[in-house]
Every structure is written in C-alpha cells, then in structure tokens.
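One structure is given below, encoded as structure tokens.
Residue numbers (the numbering used here), protein chains in the order written: chain A, 261 to 610; chain B, 3 to 533.
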C-alpha cells in the first residue's frame with residue numbers, strides 16, 4: 261500500500277499515533293530507565309543505607325514510570341493491532357523474561373523494606389537488582405531483534421522462537437543496561453548528596469564511557485542490518501538529513517563530560533545537568549533509530565499505514581489521548597515537583 | 003494416542019492465561035474495594051476529626067501498598083499476554099477491544115500510579131484536603147479500570163456495535179454499542195460488588211481476629227489475676243493516659259515493663275476501637291451488600307441466559323430443554339451421556355429465576371450443537387455452585403452480624419468472630435469461581451459465537467509456551483507467595499493508635515513511605531503509647 265494514495269484521516273491518524281506511541285515508549289525509557297538503572301547499580305552500592313536512599317529517590321514515582329510501558333505496549337493493540345500481533349510473538353521469550361523480571365523487581369520494591377532479617381533483606385535486594393538487570397537486558401534484546409527485522413507470512417509471525425537471539429541483539433541488550441545504569445547514576449547525582457553523591461559521580465563516569473562506546477558500536481553496525489537502513493544513512497542526499505544526528509550526539513557527549521567534571525553536589529539545577537544531558541543522548545539515539553526505521557512498524561514487512569487500526573478506532577482513542585495525555589503529563593510533573601529536592605537517609609525528603 | 007494425552011500449545015496458552023489472570027485478579031478484587039474503604043475512612047476522619055478513623059486508615063494503607071504493587075506488576079503481564087499468546091485474536095479484534103484497554107491505561111492506570119505516591123507518602127507534603135483528593139483519585143482510578151477492562155471483556159462475551167471485514171477482522175461501527183454491549187452493565191455491577199464484598203470480608207476477618215485474640219488475652223489476664231493477684235497487677239508499672247477517641251480512659255502497662263506488648267493489647271478497658279470499627283463496618287457492608295449481590299447475580303444470570311444459553315445450561319446442568327425446569331442443587335453432569343446424573347433438584351425453580359416465570363422455557367445443552375458446548379461442563383457447573391454457596395454464606399454472616407449488633411453483642415460473640423475469620427477468603431474464592439464460570443462457560447469461543455479459541459492463538463511453538471508457563475508458575479508462587487505471606491504478617495499486627503506515624507530518623511519504605519519500624523512487630527517506636 262502506497263501511503264501517498266491515502267488521504268485525510270487514513271493518512272494522518274497512523275502518523276499521529278506512530279508519534280504518540282514512539283513518545284510513550286521514549287517516556288518509558290527515560291523514566292523507568294533511571295529507576296531500573298538504580299537496580300543495576302545495586303552491586304556498586306555496598307552500604308545498605310545508601311541503597312535505601314537510592315530506592316527512596318524513586319519510590320514515589322516508579323509506579324507511574326512503569327505505566328508508560330503499558331501505554332506503549334497496550335496502546336499498540338489499540339492503534340496498530342497487526343504490529344502488536346506480529347511483534348509480540350516474535351519477541352516472545354525476551355518479553356516474557358522482561359515481564360517476569362519486572363514482577364520480581366516491582367514486588368521487591370515493597371518487600372526489601374519489610375524484610376525481617378539480613379538474609380531476607382539480601383534476597384529482596386538481589387531480586388530488585390537482578391530483576392532490574394534482566395528487565396533492562398531483555399528490553400535491549402527486544403529492541404535489537406526488532407530492528408534486525410521480523411519474519412512475516414501473511415498477517416502472522418513466521419519465524420522460530422529463538423530468532424531474537426543474535427550477536428547484535430545481545431549487544432543492544434548490554435548497551436541498554438549501560439545506558440540505564442548511566443541514567444540511574446545521573447539521577448542519584450541530582451537527588452542525593454554526600455558520599456552517595458560522590459559514588460554516583462564515579463559510576464556516572466564509568467557508565468558514560470560504556471554508553472558512548474555502545475552507541476558508537478551500535479551506530480556502526482546499524483546501517484548494515486537492512487538495505488533500507490544503509491540507503492538512509494550512507495547515500496547522498498539522505499546523508500545530509502541524517503548527518504546532524506551523530507554531530508549532535510558528539511556535541512552532547514562533550515557537554516555531558518563537561519557537566520560531570522563541574523559537578524559540585526551542592527544542589528540546584530547544576531546537579532541536574534548530567535541527568536538532563538544523558539536524557540538528551542537517549543533522545544538522539546532514539547531519533548537515530550527513528551530515522552532508520554521510518555516508516556516501518558514491523559520491519560521490513562509492514563509500514564505504520566499497513567498495520568494501522570481503522571480510523572474509527574484510532575480516532576476514538578485519539579480524542580481521549582488528546583485530552584488525557586496532557587493531563588497525565590501535568591499531574592506526573594506535579595508529583596515529581598512534590599517530591600523534589602535531595603533525599604537523605606536522615607529525613608527522607610528535604 | 004500419546005499425542006492425544008499431551009497438552010497442545012493451545013491448551014498451555016489457555017492455561018497460562020487462566021493462571022496469570024486468576025493470580026492477577028486476586029489483587030484488584032481486594033484493592034478495588036480497599037481503595038474505596040480508605041477513601042471512606044479518610045473522609046470520615048476529615049469530617050469527624052476522630053483519630054480512630056485515621057489510625058484505621060493508616061493500618062490499611064500499608065496493606066494496600068503491598069497488594070497494589072502485586073496487582074500492578076501482575077497486570078502489566080496481562081497487557082502483553084494478548085499479543086504473546088493470542089496474536090490472532092489481537093489482530094482480528096484489536097481495533098475494537100484495544101481502544102477500550104487504551105482508555106483503561108489513560109483514565110485509570112496513570113491516575114492510580116500517579117497519585118499512589120502522594121497517597122502513601124504525601125500527607126505531610128500536600129495537606130489534608132489534597133491528600134484526601136489523592137486517595138479519592140486512586141479509588142476512582144480503580145473503578146475506571148474495572149469499567150474499561152470489563153467493557154472489553156464483556157464485548158468478547160456479547161459482541162455488538164461492530165462490522166466484520168471480509169478478512170475476518172472486527173472493526174468498530176458504533177462505540178456506544180461496543181462499550182455498553184449487552185452483558186456489560188450486569189457484569190460490571192456484579193464484579194465490582196463482588197470486589198467490595200471481598201474487601202469487606204477480609205477487613206472483617208482481620209478485625210474479628212484481633213477482637214478474638216484480644217478477648218482471649220483479656221480472659222487469660224483475668225484468669226491469671228484470679229490465681230495470683232500480685233503477679234497480674236505488676237502494679238507499679240501501670241500508667242493511665244488519655245483514652246483514644248474519647249472513650250473511657252484506657253489503662254496500659256508502661257512500655258518496657260514485663261509483658262508490655264501483651265498487656266498493651268489486653269488491658270484496654272474495651273475492645274480495640276480500630277478492630278471494632280473494621281469489624282462493624284464490614285458487617286454493615288455484608289448485611290446490606292451481600293443480598294444486593296444476590297439480586298445482581300440473578301440479573302446477570304438472566305442476561306447470560308438470553309445471550310449465552312449454552313453457558314447457563316452448563317451452569318445449571320440442564321441437558322434437555324424444558325418448561326418448568328428444575329434447579330439442580332447437586333448432580334454429576336455427564337457431557338458424553340448428555341445428562342446430569344444423581345440429581346438433587348427443586349422442580350420449576352430454574353425457570354423461575356432464569357425467566358422469572360414458573361413455567362418458562364429453559365434451553366438445555368441437547369438443543370445446542372455439541373461444537374458450541376463449553377469444553378469443560380463440570381468445571382462450569384461446580385464453580386457456579388462454589389460461588390453461589392459462598393454468596394449464601396455471606397448473606398447468612400451479614401444477617402447474623404445484624405442480629406448480634408441488634409442485641410448489642412456484635413464484637414463480643416466468639417462464634418460470630420470465628421465465622422467472620424473463616425469467611426475472610428470467601429470473597430476471593432467466590433470471585434475466582436465466578437470468573438471461571440463466565441470464562442470457561444464462554445468456551446469454545448474467544449469472541450462468543452464468532453471466533454473460536456482454537457483459531458485465536460499465536461503461532462508460538464509448544465516448547466516456548468511450555469517454558470514460559472513453567473516460569474510463570476515458579477515466579478508467581480515464589481514472588482506472590484512471599485508477598486501474601488507478608489500481607490498476613492501485616493494483618494497480624496495489632497491496629498494501634500498513631501499507626502505508622504513517621505518518626506524522624508527512620509528510613510522510609512517504598513512507594514514511600516511509612517517507616518520501617520512500623521512494619522516490624524515489636525519495633526520500638528510503635529510500642530510508645532500515643533501522646
């Protein structure tokens with residue numbers, strides 16, 4: 261189906277929804293990214309008191325953060341049911357593993373504070389940490405397997421149940437773990453002080469280097485995964501439109517390390533800079549991905565128009581989304597604002 | 003032959019959905035009602051200013067946090083199950099049921115998750131009014147969630163407002179008809195009421211347990227006093243303090259004295275006012291709502307009889323079509339033979355409650371093609387009896403509570419307290435049984451009469467489904483088992499004044515909020531009498 265033949269809502273609705281779903285997934289990656297990152301950083305936080313503070317920085321918001329995953333995944337069923345019906349079976353194992361890891365982690369959130377002795381505490385901390393690592397790793401694997409392409413026959417997934425496993429998907433799995441750990445460390449830079457802040461600074465350096473290396477590696481491989489990607493990134497004149505992305509990435513990396521070097525730990529927005537710049541890196545990597553994929557939603561089989569639900573479905577949900585997403589963003593922002601400031605062991609929140 | 007005995011990928015996918023959804027629904031069945039209960043308690047506190055409401059609110063808030071977290075994580079699993087295991091259903095019906103679930107996320111999940119943090123932690127940050135608003139929003143969110151997901155579920159039972167495309171896909175034509183499909187209002191009322199009863203039974207059982215234990219403690223102290231006045235008095239350590247809630251002054255042993263903890267529970271002059279409040283409110287709820295639920299159930303059954311006669315026939319064990327059909331109390335439905343053997347039945351009663359006519363015609367399974375029979379008729383038949391039997395016991399308990407209240411012995415009647423404790427899980431069991439009735443009774447279809455279950459599943463290999471099912475079983479039993487064990491630990495804590503007041507210098511617990519010490523029985527700050 262040539263999208264240029266579509267007119268009116270049949271053209272615009274899938275486009276709007278593709279942007280909204282992409283936005284939901286990106287918000288998920290940003291927001292659950294830093295709280296998953298804190299779980300990934302647990303092995304580097306030997307003091308129980310520091311782990312408690314780290315968890316308390318995200319305690320009031322993690323639940324809302326994770327809800328974006330439901331919008332990104334469940335929303336797909338509503339507006340791109342064909343993509344939902346093909347991608348989820350294709351990514352069966354990593355997604356089920358991710359869900360189980362999130363179960364572990366979500367319950368451990370509550371339970372690690374209810375443990376009655378050191379052994380229980382240790383195991384709930386492990387559940388929290390390992391759950392966060394597995395969730396991050398499997399999300400990265402799912403992403404890698406997704407961009408590599410999905411085998412389709414008719415309107416169904418046609419591949420096997422191990423197709424998702426490849427060197428590239430393992431690389432993206434590791435990359436996302438490093439990236440989430442970076443977000444977690446930068447979040448702690450912003451929200452904590454004293455020894456934990458200093459430790460977070462060290463961790464931010466390390467995971468920033470790992471993330472930059474991962475971005476470089478993935479970017480170098482991406483164009484060769486599918487001919488369409490190479491055409492987009494490496495041919496003239498597409499090159500001119502795609503080129504700003506890597507240039508901006510380089511600029512942000514420079515600003516990021518600069519901000520990290522200037523880190524004071526005295527509070528205020530200065531402490532937030534590394535976190536915001538790290539989010540910027542995520543945004544650009546995500547945009548780069550979008551440049552590669554566009555306009556496919558099940559690469560290489562279906563475009564957003566081919567997988568779209570009829571305008572009656574997309575329009576019906578869009579009416580609600582247009583009203584509710586701004587409201588949701590507003591009260592989510594309000595909750596973050598409410599729990600603003602540094603978190604310490606003594607007083608919870610300042 | 004061997005192939006026939008081994009489960010297929012379809013069987014395992016069905017079992018996986020049943021397993022994950024039953025586990026999941028245990029938590030919302032409890033938290034839907036609990037969220038409303040918390041909103042009522044906080045509202046009563048703001049209205050009357052009585053500390054007993056705030057103390058009880060805080061007691062249940064901690065429990066809510068744990069149960070809600072388990073509901074959230076098990077619910078995320080559900081939002082992906084449709085795609086991982088039921089891809090064909092998703093492709094064919096996603097355009098209709100997807101937006102309903104989308105509205106659930108937008109109107110309910112974000113609202114609940116966003117304001118849960120404020121509800122659990124924000125009391126000292128936002129003030130009373132806004133905190134009340136947050137609690138009310140969380141409670142509203144749970145209701146919105148039930149509204150949308152039950153609308154989607156009901157559409158699968160009684161599809162309406164759609165057009166069928168040549169390739170077999172369902173597309174929406176009239177959203178009003180889709181949302182308010184024929185079985186939805188009945189299912190919504192019956193399910194939400196079931197959730198409220200579930201909460202009332204658990205709250206009542208916890209209140210009753212503390213009342214009973216305290217009563218036994220008091221009797222033990224009195225007996226000890228008879229044996230040896232001096233040891234029971236331990237006199238010097240007793241201190242008097244202002245009573246909570248304006249009741250007569252309570253006498254307590256000073257903290258740190260021998261037997262302080264036991265004494266603190268046992269030596270109040272009257273029963274624990276928090277436990278009394280829980281028990282009393284729960285008994286009111288049962289008395290009023292359990293009979294209403296019977297009426298709603300009857301209406302829902304009549305609606306099902308109209309739209310899904312095969313399901314009702316399986317529930318009733320009716321094989322022949324009859325006028326003046328009997329209500330079969332017990333029997334052994336035998337699908338192969340096409341009869342229910344060893345019936346114990348009341349003549350004409352089924353016609354009366356299904357058609358509201360003594361001689362109304364009730365369609366039996368024998369008049370319905372066999373390939374449209376529910377695949378497991380005894381399961382539907384027996385689950386229905388479990389649900390109805392428990393419902394009748396709930397009504398009985400509510401009436402018994404009403405009678406004892408009228409006689410002024412509501413919280414001093416041991417057999418009533420014991421009955422309430424025994425009935426604690428009855429709501430969860432009844433809700434689960436009801437769920438099995440309606441879902442097993444929908445078989446062999448996913449979209450009733452339109453799309454067969456066998457044609458709905460994902461093209462996922464048997465070993466993948468088997469592996470994931472095994473993983474779900476192990477993880478759910480370990481994680482939720484531990485979570486439920488902790489819930490019981492929380493239930494065991496005596497509801498005390500100033501429940502969970504955050505002392506300075508304590509690390510806070512997640513989703514925020516209450517200090518660790520308050521969740522540990524016997525930890526120091528909690529034993530301090532309220533000032």
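We put the beta carbon where it would ideally sit given N, CA and C, even for glycine.
Taking 8 angstroms as the CB threshold, residue 61 of chain B stays off the interface with chain A. At a cut-off of 3 residues, not a single continuous stretch assigned as beta strand (DSSP E) sits fully inside the region 349 to 431 of chain A. At a cut-off of 8 angstroms, the C-beta of residue 454 of chain B has no neighbouring C-beta in chain A.
Put simply, the region 389 to 406 of chain A touches the region 351 to 359 of chain A. At least three CB pairs are less than 8 angstroms apart. Taking C-beta separations shorter than 7 angstroms and ignoring five residues to either side along the sequence, the partners of residue 386 of chain B in its chain run 317, 439, following chain order. Residue 457 of chain B: not part of any alpha helix (DSSP H); DSSP gives it neither H nor E. In the DSSP assignment, residue 563 of chain A is bridged to A:556. Only exposed fits residue 529 of chain A, as fewer than 16 other CB atoms lie within 10 angstroms of its CB.
Looking at the DSSP output, residue 324 of chain B bridges to B:364. By the neighbour-count definition (other C-beta atoms within 10 Å, threshold 16), residue 358 of chain B is an exposed residue. The distance from the Cβ of residue 139 of chain B to that of residue 113 of chain B is about 6 angstroms, consistent with a contact at the 8 angstroms cut-off. Rounded to whole angstroms, the gap between the alpha carbons of residue 384 of chain B and residue 13 of chain B is 21 angstroms.
Secondary structure in the region 512 to 599 of chain A: the beta strand (DSSP E) runs of 3 residues or longer, each lying completely within the stretch, are 556 to 558 in chain order. The straight-line gap separating the alpha-carbon atoms of residue 389 of chain B and residue 376 of chain B is approximately 18 angstroms. Within chain B, no C-beta atom comes nearer than 7 angstroms to that of residue 291 of chain A; the closest sits roughly 11 angstroms away.
In the three-state DSSP reduction, residue 450 of chain B falls in the coil class, being neither helix nor strand.
Put simply, the CB of residue 140 of chain B is far from chain A, with every gap to its CB atoms at 8 angstroms or more. The contact set of residue 116 of chain B on chain A, defined by CB atoms closer than 9 angstroms, consists of 321, 323, 324, 327, 588, 591, 592, 594, 595 in chain order. The three-state secondary structure of residue 160 of chain B, taken from DSSP, is coil.
Excluding its 5 nearest sequence neighbours in each direction, residue 128 of chain B has C-beta neighbours in its own chain below 8 angstroms: 120, 136, listed in chain order.
Residue 415 of chain B and residue 210 of chain B have their alpha carbons spaced roughly 10 angstroms apart. Interface residue (Cβ-Cβ distance to chain A less than 8 angstroms): residue 78 of chain B is classified as such. Under the DSSP assignment, residue 420 of chain B falls in the alpha helix (DSSP H) whose first and last residues are 416 to 424. Short of 6 angstroms from the beta carbon of residue 70 of chain B, and not among the five residues preceding or following it, lie these beta carbons of its own chain, in chain order: 33. Collapsing the DSSP output to three states places residue 370 of chain B in coil. It is roughly 17 angstroms from the alpha-carbon of residue 150 of chain B to the alpha-carbon of residue 164 of chain B. For residue 494 of chain B, the enclosing alpha helix (DSSP H) begins and ends at 464 to 494. For residue 417 of chain A, the nearest CB of chain B lies under 8 angstroms from its own CB, placing it at the interface with that chain. Contact between residue 363 of chain A and residue 481 of chain B holds, since their C-beta atoms are separated by about 6 angstroms, short of 8 angstroms. A Cβ-Cβ contact shorter than 8 angstroms links residue 194 of chain B with residue 148 of chain B. Looking at the DSSP output, residue 173 of chain B bridges to B:165. Contact annotation, residue 284 of chain A with residue 328 of chain A: C-beta distance approximately 5 angstroms; criterion of less than 8 angstroms satisfied. One thing to note: residue 346 of chain A has its Cβ within 8 angstroms of the Cβ of residue 410 of chain A.
A direct Cα-to-Cα measurement between residue 595 of chain A and residue 116 of chain B gives close to 7 angstroms. Secondary structure at residue 67 of chain B: helix, using DSSP grouped into helix, strand and coil. Taking 8 angstroms as the CB threshold, residue 27 of chain B stays off the interface with chain A.
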